[in-house]
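Participant: Residue numbers (our numbering): 929 to 1210.
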Amino acid sequence: MADVKQAFVCGWPVNHSRSPMIHRYWLKKYGLSGDYVKYPCEPENFATFVENMAETDFVGGNVTVPHKEAALKLADQPEAEALRLGAANTLWIRDGKIRATNTDGYGFLANLDERAPGWDSPEHRQRGALVLGAGGAARAVIDALQQRNFAKIQIANRTVEKAEKLAQQFGPPCSAVGIESIDCLTCDAAVIVNTTSLGMNDGRSPLNLAGFSSDTIVNDIVYTPLITPLLEQARVQKMQAVDGLGMLLHQAVLGFEKWFGTRPEVDAELRQLLLDDLGESQ
Ligand code: ATR
């Protein structure tokens, strides 16, 4: 075991990752010695990297695209969240064994809990949620909504077959629909979540919110830009708009606790640090 604990974010590529900024902020705030570094790793080298982790200075780390599915398969003891999603984003060593979890769902829920308290009230759970997109991020969101007992979860995707596959995998209360056939007449969801890449620096919105009830809560997990075209529309229509930066911040909490032994707080200073880095004013 190393004197100075080190954690990593491993991906290919990994240059864009803002995770080092988050974890280094917490290491400093809590006066802990340790470091968190970017570890670029090509897919063919990933298994060797993980299998040898116990012999290195690393106590664990985050895993990002394209390694999340491989990370789950390499884990000796995957936790239930990672098994349900078929992908892991957090690894750590305990008693010589590689353990794995997936913290995306936790980050999604904690962000909404913080920024839109009451978003999962019994009435909202009854009205249900609309999830836009059917990729890896959608899986984490759908699973989290199921954990919070939403009675209706509509999955809307451009390629409807992918939404149908997810609805089948997750089972009731999920249903699938083509994204172009969603409007205020067919959908009364209390919560709308965008997990598609639309809005990420392309100026496009995945959905026209015209006519949706003004008490709808709209969340975009995209955070570049912070206020996406979908969230802009929500604001214009006086709906509650929740940006995706908090999901990034909160999903980091559980990993930090595993590696460095302290459960960190997502505070205003950390959010501001990221906003400054993103070039956003708030
Ligand atoms: P992630 O793992 O981050 O969720 P992904 O698996 O690539 O990423 O999924 C991207 C999502 O954005 C998909 O739902 C995709 O729709 P398709 O399944 O039809 O490809 C959606 N998406 C990407 N570009 C889109 C576009 N131009 N219009 C509508 N949906 C789009």
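Quick reminder that beta carbons are idealized off the backbone N, C-alpha and C, glycines included.
1) Taking contact to mean at least 3 C-beta pairs separated by less than 8 Å, is the stretch 1150–1166 in contact with the stretch 1128–1135?
2) Is ALA1196 helix, strand or coil by DSSP?
3) Mind checking who LYS966 pairs with in its DSSP beta bridge?
4) Going straight from the alpha carbon of PHE977 to that of GLY939, what length do you get?
5) Using the Cα positions of ALA1010 and ASP1111, report the straight-line distance between them to the nearest angstrom.
6) Among GLY1063, TYR964, PHE1078 and ASN943, which has the Cα closest to the Cα of PHE936?
7) Residues in the same chain with beta-carbon distance under 8 Å from ARG952, minus the five sequence neighbours each way, listed in chain order, please.
8) Quick check on LEU982: buried or exposed, where buried means 16 or more other Cβ atoms within 10 Å of its Cβ?
9) PRO971: beta carbon under 7 Å from a heavy atom of the ligand NAD?
10) Would you mind reading off the limits of the alpha helix (DSSP H) that contains SER947?
11) Are the beta-carbon atoms of THR1123 and ILE1149 separated by less than 8 Å?
12) Return the CA-CA distance between SER1141 and ALA1162, expressed in angstroms with no decimal places.
13) Which class does TRP1020 belong to by DSSP, given the choice of helix, strand or coil?
14) So for ASP985, helix, strand or coil by DSSP?
15) Sorted by chain position, which residues of the same chain lie with C-beta nearer than 7 Å to TRP1187's C-beta, five sequence neighbours on each side aside?
16) By DSSP's criteria, ASN1085 is part of a beta bridge. Which residues make up the other side?
17) Using the rule of at least 16 other Cβ atoms within 10 Å of the residue's Cβ for burial, across every protein chain shown, is ALA1196 buried or exposed?
Facilitator: In terms of the structure at hand:
1) yes
2) Of the three classes helix, strand and coil, the one that applies to ALA1196 here is helix, per DSSP.
3) In DSSP, LYS966 forms a bridge with VAL937.
4) Using only the alpha carbons, I get a separation of about 12 Å.
5) 33 Å
6) Nearest to PHE936 by alpha-carbon distance, out of GLY1063, TYR964, PHE1078 and ASN943, is TYR964.
7) Sequence-distant partners of ARG952 (beyond 5 residues in either direction) whose C-beta falls short of 8 Å from its own C-beta, in its chain, are ASP963 and TYR964.
8) A small correction: the amino acid at residue 982 is Ala; Leu does not occupy that position in the sequence shown. Counting Cβ neighbours within 10 Å, ALA982 comes out exposed, since fewer than 16 surround it.
9) Absence of the ligand NAD is noted for the structure shown, with the ligand ATR being the only ligands found.
10) 947–957
11) For THR1123 and ILE1149, yes; Cβs fall inside 8 Å.
12) 10 Å
13) strand
14) coil
15) LYS933, ALA935, VAL987, GLY988 and TRP1020
16) GLY1106
17) exposed
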